[in-house]
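In the numbering used here, the protein residues as written are 18 to 460.
Scroll down for the structure; my scribbles are underneath it.
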Amino acid sequence: MIFLLSLALAALFLWGCAKPLKQHPIPFYLAAAAISAVVLGCTLGGVRFPGWFQNWVWPIFSRSAFATALWAVVMWTGALPNGSKAIRFLMPIRGELSILAAILTLGHNAAYGKVYFLGITKLPANQLAAAICSLVLICIMLPLFITSFKTVRKKMKGSSWKKLQRLAYGFYALLYVHIMLLTVPAALEGRSGYLLSVLVYSVVFLGYAICRVLKAVARKSKQTTGLFRRQRRALACALLLSLILTGCLGCQAQTEDPEDGASQEEVLTEGQEEADEPAAEEEEDTPEAETAGTEEKPAQQAEQTQQTEKPAASTTTAAPSSSSKQSAAAQTQTSSQTTTAQTPAQPAPAPEPVLTYKNGTFTGTGSGFNGPITVSVTIQNDVITGISVTSSSDDEPYLSDGKGVISRILSAQSANVNTVSGATYSSGGIIDAVKAALASAKN
Numbered sequence: 018m019i020f021l022l023s024l025a026l027a028a029l030f031l032w033g034c035a036k037p038l039k040q041h042p043i044p045f046y047l048a049a050a051a052i053s054a055v056v057l058g059c060t061l062g063g064v065r066f067p068g069w070f071q072n073w074v075w076p077i078f079s080r081s082a083f084a085t086a087l088w089a090v091v092m093w094t095g096a097l098p099n100g101s102k103a104i105r106f107l108m109p110i111r112g113e114l115s116i117l118a119a120i121l122t123l124g125h126n127a128a129y130g131k132v133y134f135l136g137i138t139k140l141p142a143n144q145l146a147a148a149i150c151s152l153v154l155i156c157i158m159l160p161l162f163i164t165s166f167k168t169v170r171k172k173m174k175g176s177s178w179k180k181l182q183r184l185a186y187g188f189y190a191l192l193y194v195h196i197m198l199l200t201v202p203a204a205l206e207g208r209s210g211y212l213l214s215v216l217v218y219s220v221v222f223l224g225y226a227i228c229r230v231l232k233a234v235a236r237k238s239k240q241t242t243g244l245f246r247r248q249r250r251a252l253a254c255a256l257l258l259s260l261i262l263t264g265c266l267g268c269q270a271q272t273e274d275p276e277d278g279a280s281q282e283e284v285l286t287e288g289q290e291e292a293d294e295p296a297a298e299e300e301e302d303t304p305e306a307e308t309a310g311t312e313e314k315p316a317q318q319a320e321q322t323q324q325t326e327k328p329a330a331s332t333t334t335a336a337p338s339s340s341s342k343q344s345a346a347a348q349t350q351t352s353s354q355t356t357t358a359q360t361p362a363q364p365a366p367a368p369e370p371v372l373t374y375k376n377g378t379f380t381g382t383g384s385g386f387n388g389p390i391t392v393s394v395t396i397q398n399d400v401i402t403g404i405s406v407t408s409s410s411d412d413e414p415y416l417s418d419g420k421g422v423i424s425r426i427l428s429a430q431s432a433n434v435n436t437v438s439g440a441t442y443s444s445g446g447i448i449d450a451v452k453a454a455l456a457s458a459k460n
């Protein structure tokens with residue numbers, strides 16, 4: 018989705034800034050350099066933005082999505098039929114667009130280099146391969162970037178410059194491989210939006226490859242008539258291939274998800290059964306206690322009645338003398354005192370504790386580095402007993418490092434803890450997600 022937004026933003030940029038970019042490119046280069054500096058500074062400084070900005074605006078530049086969209090425009094310019102309106106519009110600014118894309122890409126590489134280059138030995142297999150691709154891409158991009166400036170190009174021979182520019186084909190191919198290494202595993206894990214990303218990137222890059230080959234064959238055979246029609250058919254084939262690829266990935270992700278869901282459901286069921294057992298015992302004990310109490314009360318009342326009846330009988334049979342009256346009164350007082358002593362005072366029921374949170378499992382969502390992070394929080398009698406990340410778009414090792422904040426929350430029994438250094442965005446997203454879950458659990 019972010020790449021689609023970046024393509025739309027690139028189209029708007031070309032529509033409004035094509036002429037100024039051609040006439041005065043320097044301000045645009047400086048603006049791109051400023052954006053790269055902001056991306057680098059905010060990433061290294063662990064700056065976090067509001068949710069909507071963090072999820073939809075920031076990745077356009079921090080993840081190099083807009084730069085990739087500009088690269089797509091540059092490469093497709095070379096695949097369009099000569100003489101078409103699109104190529105007449107784009108060819109004059111193709112060099113400037115490649116310079117802007119390179120500047121933005123370098124900012125992205127510098128921002129991610131702290132983890133992906135300095136800690137390259139700790140990366141998973143797919144990200145290790147993606148990091149190696151990045152290093153090769155930088156080595157190819159730098160000479161293309163430098164020779165795209167007109168002052169440098171004028172000092173080179175035309176044939177030498179063209180030979181050097183052919184490295185761009187390898188650059189585009191490795192760029193697609195780099196993207197797939199990062200998106201396909203995430204799509205297989207069922208992360209939201211990654212299947213769409215695989216589809217869009219595949220249509221753009223595979224479609225370009227097919228159309229570029231068709232153009233080269235047409236120029237070599239001098240059969241350029243009808244090239245645009247053949248390219249449209251080829252683009253439809255690229256779309257079909259991309260749909261098949263994403264369909265296979267989606268089916269594989271669905272076959273893996275039910276097993277994970279079943280195991281999670283089993284764990285939750287066991288936890289619920291354990292939590293319900295004490296309540297069941299209490300329910301079983303309560304009727305017995307009530308029955309015992311009701312059985313004791315009639316017996317006590319019967320004894321009390323018998324003791325009060327005896328003095329009454331003696332008073333009716335005896336002579337009504339003052340001494341007998343005093344004796345009867347004494348006996349009655351003694352009987353009442355005995356009854357009172359035999360009947361223990363019932364203790365007042367203890368007040369039930371007032372819980373801050375409901376018992377159960379609750380979910381919450383926060384903003385990570387690449388998008389939303391959702392967590393599941395289990396609470397029992399105001400105690401946070403478990404926290405797990407159920408979905409996230411953040412890459413490794415940021416996400417794994419960020420999960421270190423879970424132990425801090427469990428130890429403190431509060432989400433008011435510090436983020437993890439080096440994984441500020443991911444750990445901060447987990448903290449915000451736990452806070453959201455706790456807020457939904459409040460009584």
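Glycine is no exception: its CB is placed at the ideal position from the N, C-alpha and C atoms.
{"Query": "How big is the Cα-Cα spacing for A429 and N435?", "Result": "11 Å"}
{"Query": "Considering Cα atoms alone, identify which of T241, L154, L107, N99 is closest to Q125.", "Result": "First, the amino acid is wrong: residue 125 is His here, not Gln. Considering only alpha carbons, the answer is L154."}
{"Query": "Mapping DSSP to helix, strand and coil, what is Q240?", "Result": "coil"}
{"Query": "Between F78 and A27, is the Cβ-Cβ spacing less than 8 Å?", "Result": "no"}
{"Query": "Let me know the secondary structure DSSP gives V406 once reduced to three states.", "Result": "strand"}
{"Query": "Are A432 and Y415 close, meaning C-beta to C-beta below 8 Å?", "Result": "no"}
{"Query": "F379 bridges to which residues according to DSSP?", "Result": "V394"}
{"Query": "Between the region 247–260 and the region 195–213, are three or more C-beta pairs nearer than 8 Å?", "Result": "no"}
{"Query": "Would S443 count as contacting chain E if we go by Cβ distances under 8 Å?", "Result": "The question asks about chain E, but that chain is absent: this structure has only one protein chain."}
{"Query": "For N99, does the count of other Cβ atoms within 10 angstroms reach 16, so buried, or fall short, so exposed?", "Result": "exposed"}
{"Query": "Compare the Cα-Cα distances from V217 to each of I19, I448, S424, A450 and report the closest residue.", "Result": "I19"}
{"Query": "Among R80, K459, S408, V234, which residue has its Cα nearest to the Cα of D399?", "Result": "K459"}
{"Query": "Find out if the Cβ-Cβ distance for the pair G112, S177 is shorter than 8 Å.", "Result": "no"}
{"Query": "Using CA atoms only, rank isn't needed, just tell me which of G95, Y133, K180 is closest to I157.", "Result": "K180"}
{"Query": "Quick one: residues in its chain with C-beta nearer than 6 Å to the C-beta of A51, no 5 flanking neighbours on either side, listed in chain order?", "Result": "none"}
{"Query": "Can you look up T308 in the DSSP assignment and give me helix, strand or coil?", "Result": "Because the pLDDT of T308 is 41, which lies under 50, any placement of that residue in the model is unreliable, and the number read from its coordinates should be weighed accordingly. Looking at T308 - three-state DSSP - the assignment turns out to be helix."}
{"Query": "Could you check the C-alpha separation between H41 and S219 for me, to the nearest Å?", "Result": "34 Å"}
{"Query": "According to DSSP, simplified to helix, strand and coil, what is P67?", "Result": "coil"}
{"Query": "Could you have a look at S428 and say whether DSSP puts it in helix, strand or coil?", "Result": "helix"}
{"Query": "Is there contact between the region 140–147 and the region 116–125, where contact requires at least three CB pairs shorter than 8 Å?", "Result": "no"}
{"Query": "Using DSSP's beta-bridge definition, name the partner residues of S384.", "Result": "P389"}
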